[in-house]
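First up is the structure itself, then whatever we jot down about it.
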Amino acid sequence: MRIGVYVCHCGLNIAGVIDVSALQEMAAELEDVALARDVQFLCSDSGQEGIIQDIKDNKLERVVVAACSPRLHEKTFRRVVEKAGLNPYLLEMVNIREQCSWVHASDPQMATQKAFDLIRMGVAKAKYLKELSSTSSEASKNVLVVGGGVAGIEAALNLADTGFPVTMVEKESTIGGKMALMNEVFPTNDCSICVLAPKMTEVQNHPNITLYTYSEVTDVSGSVGKFQVKVTKKPRFVLEDKCKGCVDLCSAVCPVEIENPMNYGIGKTRAIYMPIPQSVPQVVLIDPEKCVGCGLCEQACPAEAIDYAQEPEEIEFEAGAIIVSTGYQLFDASRKKEYGFGKYPDVITNMQLERMLNSAGPTGGRVLVPSSQEPPKSVAFIQCVGSRDKTVGNEYCSRVCCMAALKNSQMVKERYPEAEITIHYIDIRAAGEMYEEYYERTQRMGVDFIRGKVAEIYQNKEGKPVIRYENTLECRAEEETHDLVVLSTGYEPSKAAEGIGRMLNLSRRPDRFFASAHPKMRPVDAPVSGVFLAGCASGPKEIQVSIAQGGAAASKAMQLLGKGELEADPMGAHVVPEKCIGCRTCVDVCKFGKIRIEDKKAVIDEVSCYGCGDCSAACPEGAILMRNFENEQVLAQIRAATSGKSQSPFVVAFLCNWCSYACADLTGMSRIPYPTNIRVIRMMCSARVNPEFVLEALKGGADGVLVAGCRMDECHYIYGNFDAEKRMDVLREVIGEVGLDRKRLRTLWISAAEGERFSNTITEFVRELEEIGPIGTELKEGSA
Amino acid sequence: MSEEILDMLKAAGLDVLACMHCGTCTGSCPSGRHTSLNTRRILRDARKNRDAVLSDDSLWLCTTCYTCQERCPRQIPITDALLEIRRLAVRKGFMLPEHRKVSELVLNYGHAVPLDEETKKKREELGLDPLPETVRKYPDALRDVQTLLRACKFEELLAEK
Chain X
31 MRIGVYVCHC
41 GLNIAGVIDV
51 SALQEMAAEL
61 EDVALARDVQ
71 FLCSDSGQEG
81 IIQDIKDNKL
91 ERVVVAACSP
101 RLHEKTFRRV
111 VEKAGLNPYL
121 LEMVNIREQC
131 SWVHASDPQM
141 ATQKAFDLIR
151 MGVAKAKYLK
161 ELSSTSSEAS
171 KNVLVVGGGV
181 AGIEAALNLA
191 DTGFPVTMVE
201 KESTIGGKMA
211 LMNEVFPTND
221 CSICVLAPKM
231 TEVQNHPNIT
241 LYTYSEVTDV
251 SGSVGKFQVK
261 VTKKPRFVLE
271 DKCKGCVDLC
281 SAVCPVEIEN
291 PMNYGIGKTR
301 AIYMPIPQSV
311 PQVVLIDPEK
321 CVGCGLCEQA
331 CPAEAIDYAQ
341 EPEEIEFEAG
351 AIIVSTGYQL
361 FDASRKKEYG
371 FGKYPDVITN
381 MQLERMLNSA
391 GPTGGRVLVP
401 SSQEPPKSVA
411 FIQCVGSRDK
421 TVGNEYCSRV
431 CCMAALKNSQ
441 MVKERYPEAE
451 ITIHYIDIRA
461 AGEMYEEYYE
471 RTQRMGVDFI
481 RGKVAEIYQN
491 KEGKPVIRYE
501 NTLECRAEEE
511 THDLVVLSTG
521 YEPSKAAEGI
531 GRMLNLSRRP
541 DRFFASAHPK
551 MRPVDAPVSG
561 VFLAGCASGP
571 KEIQVSIAQG
581 GAAASKAMQL
591 LGKGELEADP
601 MGAHVVPEKC
611 IGCRTCVDVC
621 KFGKIRIEDK
631 KAVIDEVSCY
641 GCGDCSAACP
651 EGAILMRNFE
661 NEQVLAQIRA
671 ATSGKSQSPF
681 VVAFLCNWCS
691 YACADLTGMS
701 RIPYPTNIRV
711 IRMMCSARVN
721 PEFVLEALKG
731 GADGVLVAGC
741 RMDECHYIYG
751 NFDAEKRMDV
761 LREVIGEVGL
771 DRKRLRTLWI
781 SAAEGERFSN
791 TITEFVRELE
801 EIGPIGTELK
811 EGSA
Chain H
65 MSEEILDMLK
75 AAGLDVLACM
85 HCGTCTGSCP
95 SGRHTSLNTR
105 RILRDARKNR
115 DAVLSDDSLW
125 LCTTCYTCQE
135 RCPRQIPITD
145 ALLEIRRLAV
155 RKGFMLPEHR
165 KVSELVLNYG
175 HAVPLDEETK
185 KKREELGLDP
195 LPETVRKYPD
205 ALRDVQTLLR
215 ACKFEELLAE
225 K
């Protein structure tokens, strides 16, 4: 066999630590390696061209690329190999950047040795690689947009205008999201609803958009190209097709006063109400908790639209892609007890002020101090309430509140020029086009800025809020009485989106917002194929950025579904019928129901197989192959690793592609060091780890084995890591029974965001193995 | 002692580097409202290894109520750090006369507030032993306490430097 090995310098990212020329020389000596080169930047045009030329000139049959993580460039190099006329799956990538140079910078010698081990493992696997070809299948062009705020609206209209059918599901009774509730928006001071309402109406009237409001996604199954979606439409007790939206008639006769959830506690409405005047659809709804069933609205309605017996409605449809634009929720200000929100009437939130400033809002656009119902003569804004605050678990900056406070201070100043306004801030974050100018304009309007976070609020004898703070620029502790104190509450991940997050298996960052596939390079792709993120679902952002993301997510969905068919990953499971004994173990293991028994043999639905490999690990006969992760391929990697045993303790680690391998990548990107003793083998899922792999590693001389997967309940194959854990628990007992220390097999369930924990675990495991001693120590003790 | 204060805090497991100077500590301080104590500035001086913080009288105006530490949005162990700075200050000989006086009382009588004649009389009126069951009553025990304190170099700590 003729294998080409390429060592990438990645500038100094790799070559700065690892001796790449030594690596190239050592690699060239390996069996079956026809050619080895070290190249400055393999992913550059010249780097790629070089590989293509080599394949052609030297008749290479396999290519091993030792560079960055396969999660970054595997696709790139597969295309390169394919261009040279070789099957794209005859490529193996070896990660010597994230797993070597970036984490072992303090030990270049061991880093180089480890990189060589990894290359040997890659070459060993490469010998067993097989040609694979992807199959294509039909995909639905329909795109589900979850959440009808400004990001979702932008995405839906982009798609619909291009000709893609869209189904939008909104949990509230109107679309428009938080933007529809605001008065003016920065930095232009446009009337928010004036710029949004036309888009809201367009969504409703668009022939390509099906809109379900007051509805929630209750189930998603299937995968990219053919997600099966179930939606439940909650009853409004008003018939949507009959209601004319003339809310005055029904609402006027309703005897029950309630708080309108859209008004955040300001003002009252009736138990039959229109959420906001510009609601889309223009349909009222009845609050079933508060309605007394008096029947007055029914009598008053000229359109016979009231239906007290309305039931929830179930809707099912197929979608090729899903855009998650579920938005955010505001921090609950009453959690900051020292500010007395909910206790002191004149301490309000920014959103309450926003509603008061809105001329179509509960006060008709007047700002009224709650206790006096008079306009305020002095207003203080307190920034970072529930943001940049570890005491409430929100370490992050909510990014929008500075500009929102500037805007609202301008609005108050415009309407009440006499009012004294002070903004208490830690840092003013006005980084955006025309934002700094906006900040300066606010100052010139007479708004005062005091640097220092307000420490506490108390109420004086007159019932007015008094704020205590340090003016940090003057190093002085001060107190100030105001008519109105406005808390700029931060943004939090929407609780209501937890369900969709679970259904789609979306991962979350440490700040709890949905994580994108790559924090820098893929801002609107979710880590799950066919799912895209837009707007505040993936973190706080202002309207213009949410709109940009809505457009980007739409374009990603178009790109995916444009052809109407998807290329299926060829890396699923397949059965070797001669080996299969028809024991049904795999049928039980596959929770997705992709395996059935026909003529006493297992048959896998290969097109829709997710490729976790759980069945393959469970098969007692080794009759199920996982393409590109076949037993003989993995075993070759293990043997290559242990045959060198270049240091002690020596750990072979199996990491799942989605969380734990990604976590190791993050550890590298974050340059968090850990001991060099670990050799990683990538799997699609921890469930793929066949007990045989672990035993082979120990037999070969590994002192320890690590099996890592996603955190429980976060597995990308839903059940994979549960099965893996069970399997490893049993295996640990077996290891114990043969007289080895059970601690030699360790499991780790970790998210892609826990770099520090990954590093600590490796450090701890290595230390533990040092204490136990080299493999077999305990056996000698036993026999002696 | 260029790096001493910060190193000492680090050795005690107290990380003050992440302070963003929001002033929540100073604004929350019940003492600072009436005195010259500015908690944030104490920590700033410590972070910059400024010796002046050790001789700063306001270092002793903290009541250790821990409000600042509880509210710090970066969860910096403010009060703990301040106590550690006090420890270093004392080792360097910076101690208020009142504190030195109280410490001397502990060394001499085993009590920060020794029993006076008036209290003794009151105890007798109440039918109690004029001396309570403490080192005050047992000279041997007092000697033990003094031995212990000397072993801890408490005396050296109190000496004017």
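Residue numbers (our numbering), protein chains in the order written: chain X, 31 to 814; chain H, 65 to 225.
In this text, a Cβ means the ideal position worked out from N, Cα and C, and glycines have one as well.
Predicted model, so just to flag it, every value in this text is computed and none were measured.
Endpoints, the beta strand (DSSP E) within which residue 413 of chain X is located:
408-415
Against chain H: residues of the region 488-513 of chain X by CB proximity under 7 Å
Near chain H, meaning a CB-to-CB distance below 7 Å, the residues of the region 488-513 of chain X are 498, 499, 500, 502, 505, 507.
Contact criterion: CB-CB distance below 8 Å. Does residue 814 of chain X meet it with respect to chain H?
The predicted model places residue 814 of chain X with a pLDDT of 44, which falls under 50 and marks its position as unreliable; any figure quoted below should be read in that light. Under the Cβ distance rule, residue 814 of chain X does not count among the residues neighbouring chain H, no pair being separated by less than 8 Å.
Those residues which DSSP pairs with residue 489 of chain X across a bridge:
Per DSSP, the beta bridge partners of residue 489 of chain X are X:495.
Assign residue 406 of chain X to buried or exposed, taking buried as 16 or more other Cβ atoms, counted over all protein chains shown, within 10 Å of its Cβ.
buried
Ends of the alpha helix (DSSP H) at residue 175 of chain H?
No alpha helix (DSSP H) contains residue 175 of chain H, which DSSP labels as neither H nor E.
Alpha-carbon to alpha-carbon, residue 105 of chain H and residue 76 of chain H:
20 Å
Residues in the region 462-484 of chain X with C-beta within 9 Å of chain H's C-beta atoms, listed in sequence order?
481, 482, 483, 484
Sort X:240, X:209, X:216, X:235 by Cα distance to residue 226 of chain X and report the nearest one.
X:209
So, is residue 116 of chain H buried or exposed, given that buried needs 16 or more other C-beta atoms within 10 angstroms?
exposed
Quick check on residue 128 of chain H: buried or exposed, where buried means 16 or more other Cβ atoms within 10 Å of its Cβ?
Flag for residue 128 of chain H reads exposed.
Between which residues of its own chain and residue 84 of chain H is the CB-CB distance below 8 Å, once the five residues before and five after are set aside?
137, 138
So which residues on chain H does residue 522 of chain X lean against when the C-beta distance must stay under 8 Å?
Correct list: empty, because the minimum Cβ distance to chain H is about 16 Å.
How about residue 45 of chain X: is its C-beta nearer than 8 Å to some C-beta of chain H?
Taking Cβ atoms only, chain H never reaches closer than 8 Å to residue 45 of chain X, which makes this a no.
Between the CA atoms of residue 807 of chain X and residue 814 of chain X - distance to the nearest angstrom:
Residue placement at residue 814 of chain X is flagged as unreliable, the pLDDT there being 44, under the threshold of 50; the coordinate-derived value follows with that caveat. When rounded, the distance between both Cα atoms is 11 Å.
Using a Cβ cut-off of 9 Å, pull out every chain H residue sitting near residue 420 of chain X, in sequence order please.
136, 137, 138, 139
In angstroms, rounded to a whole number, what distance separates the CA positions of residue 197 of chain X and residue 534 of chain X?
So the alpha carbons of these two residues sit roughly 17 Å apart.
How long is the line joining the alpha carbons of residue 757 of chain X and residue 147 of chain X, rounded to whole angstroms?
28 Å
Which residues, in order along the region 343-372 of chain X, keep a beta-carbon less than 9 Å from a beta-carbon of chain H?
When CB distances to chain H are screened at a threshold of 9 Å, the residues of the region 343-372 of chain X falling below it are 368, in chain order.
In angstroms, rounded to a whole number, what distance separates the CA positions of residue 188 of chain X and residue 567 of chain X?
19 Å
What is the C-beta distance between residue 612 of chain X and residue 627 of chain X, in whole angstroms, given that I count them as a contact (C-beta under 8 Å)?
6 Å
Give me the Cβ distance between residue 560 of chain X and residue 590 of chain X, rounded to the nearest whole Å; I'm assuming they're in contact under 8 Å.
7 Å
For the beta strand (DSSP E) holding residue 258 of chain X, just list the boundary residues, first then last.
256-263
Which class does residue 129 of chain H belong to by DSSP, given the choice of helix, strand or coil?
coil
Kindly say whether residue 711 of chain X, judged by its beta-carbon, lies nearer than 8 Å to any beta-carbon of chain H.
no
Closer than 9 Å at the beta carbon, the chain X residues around residue 102 of chain H:
500, 505, 506, 507
CB-CB length for residue 346 of chain X against residue 256 of chain X, believed under 8 Å
With 8 Å as the limit, residue 346 of chain X and residue 256 of chain X do not qualify as a contact, their Cβ atoms being about 13 Å apart.
DSSP has residue 63 of chain X in a bridge; who is on the other side?
According to DSSP, which records beta bridges pairwise, residue 63 of chain X is partnered with X:33.
Under 8 Å, with one C-beta from each stretch per pair, do the region 686-697 of chain X and the region 770-787 of chain X reach the 3-pair mark?
yes
Which ranges does the beta strand (DSSP E) cover as unbroken runs of at least 3 residues, wholly within the region 268-354 of chain X, from first to last along the chain?
343-349, 351-354
Indicate whether the contact test is met: 3 or more Cβ pairs, each with one atom in the region 618-636 of chain X and one in the region 200-214 of chain X, closer than 8 Å.
Not touching, per the Cβ criterion.
Residue 531 of chain X to residue 266 of chain X span [Cα, whole Å]
If I take the Cα positions, the gap works out to 26 Å.
What residues are listed by DSSP as bridge partners for residue 198 of chain X?
X:175, X:241
Three-state class that DSSP yields for residue 205 of chain H in the structure shown
helix
Cutting at 6 Å between CB atoms, please list the residues of its own chain near residue 249 of chain X, excluding the five before and the five after it.
Residues 260 of the same chain have their beta carbon placed closer than 6 Å to that of residue 249 of chain X, with the five preceding and five following residues left out of the count.
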